[in-house]
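Asker: Sharing a structure with you now.
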Amino acid sequence: MSRKFVSGIYIAQGTGGPMTGHTSVSLKAGKGIEGDRYFSDSGKNRSSYKGEPDFEITLIESEVIEEFNRKTGNNFHESDFRRNIVTTGVRLNDLEGKSFTVSGIEMYGVRLCEPCRSLQERLAVSVLPELVGKGGLRAQIKRSGVVKVGDLVGG
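Counting from 1 along the sequence shown, just add 6 to a position and that's the residue number in my numbering.
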């Protein structure tokens, strides 16, 4: 059985801002990742998305990024895909509609995180053919805690 773990962590402080890598981040139940563009400390929306359960945290598989780069002949960095948590060895689609843990922190897979026009414009390549059904997972944070690169993912 392969090891299932967090291989990257990224946040953007502002909408459209650069994704910066971190070795650990603080997750707040019902609010998101501290310091991220969608974090809602008050629980109320400060934009049209903040405070929504499916915008608390996003995940993507490292294997999907590697396959995308291989098939398209590109060398995009995992942060270019604008997801918060990059996993290795985890089938994220299997977690849609289910509870799972990251570093023992309970989460719920709200819905798949399909590629969007914004991502396609940022990468300047057609992402839809290669990423539909593989763009990651939007999840709700059910319990607060800290996630670090290397932490285990359980489902």
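We put the beta carbon where it would ideally sit given N, CA and C, even for glycine.
Could you give the residue range of the alpha helix (DSSP H) that holds Arg76?
Answerer: Against the sequence shown, residue 76 aligns to sequence position 70. Per DSSP, Arg76 belongs to the alpha helix (DSSP H) from Ser68 to Thr78.
Asker: Hey, Arg43 and Thr21: beta-carbon distance below 8 Å or not?
Answerer: Translated into the one-based positions of the sequence shown, residue 43 becomes position 37. Translated into the one-based positions of the sequence shown, residue 21 becomes position 15. Yes, they are a contact pair.
Asker: With DSSP run on the structure shown, which of helix, strand or coil describes Glu112?
Answerer: For this step, residue 112 is matched to residue 106 along the sequence shown. Note: Glu112 maps to strand in three-state DSSP.
Asker: Classify Ser30: buried if its beta carbon has 16 or more other beta carbons within 10 angstroms, exposed otherwise.
Answerer: Along the sequence shown, read from residue 1 onward, the residue named residue 30 stands at position 24. Only exposed fits Ser30, as fewer than 16 other CB atoms lie within 10 angstroms of its CB.
Asker: Residues in the same chain with beta-carbon distance under 7 Å from Gln19, minus the five sequence neighbours each way, listed in chain order, please.
Answerer: As a working note, residue 19 is residue 13 in the sequence shown. Around Gln19: Gly41 and Arg43.
Asker: Cα-Cα, which of Leu158, Gly27, Leu118 and Val108 is closest to Arg149?
Answerer: Here residue 149 corresponds to residue number 143 of the sequence shown, with the count starting at 1. For the set Leu158, Gly27, Leu118 and Val108, the Cα lying nearest the Cα of Arg149 is the one of Val108.
Asker: Within 10 Å of its beta-carbon, does Lys50 have 16 or more other beta-carbons around it, so buried, or fewer, so exposed?
Answerer: Here residue 50 is taken as the residue at index 44 of the sequence shown, counted from 1. The predicted model places Lys50 with a pLDDT of 46, which falls under 50 and marks its position as unreliable; any figure quoted below should be read in that light. Looking at its Cβ environment, which holds fewer than 16 other Cβ atoms inside 10 Å, Lys50 is exposed.
Asker: With H, G and I counted as helix, E and B as strand and the rest as coil, what does DSSP make of Phe45?
Answerer: As a position in the sequence shown, residue 45 is number 39, starting the count at 1. Reduced to three states, the DSSP call for Phe45 is coil.
Asker: Taking DSSP as the reference, what is the three-state secondary structure of Phe82?
Answerer: Translated into positions along the sequence shown, residue 82 becomes position 76. Correct three-state label for Phe82: coil.
Asker: For Gln19, which residues does DSSP report across the bridge?
Answerer: Here the question's residue 19 lines up with position 13 in the sequence shown. According to DSSP, which records beta bridges pairwise, Gln19 is partnered with nothing at all.
Asker: Report the three-state DSSP secondary structure of Ser132 (helix, strand or coil).
Answerer: Within the sequence shown, numbered from 1, the residue matching residue 132 stands at position 126. Correct three-state label for Ser132: coil.
Asker: Check whether the Cβ atoms of Arg88 and Glu102 sit closer than 8 Å, and answer yes or no.
Answerer: One-based indexing of the sequence shown puts residue 88 at position 82. One-based indexing of the sequence shown puts residue 102 at position 96. In this structure, Glu102 does not lie closer than 8 Å to Arg88 by Cβ.
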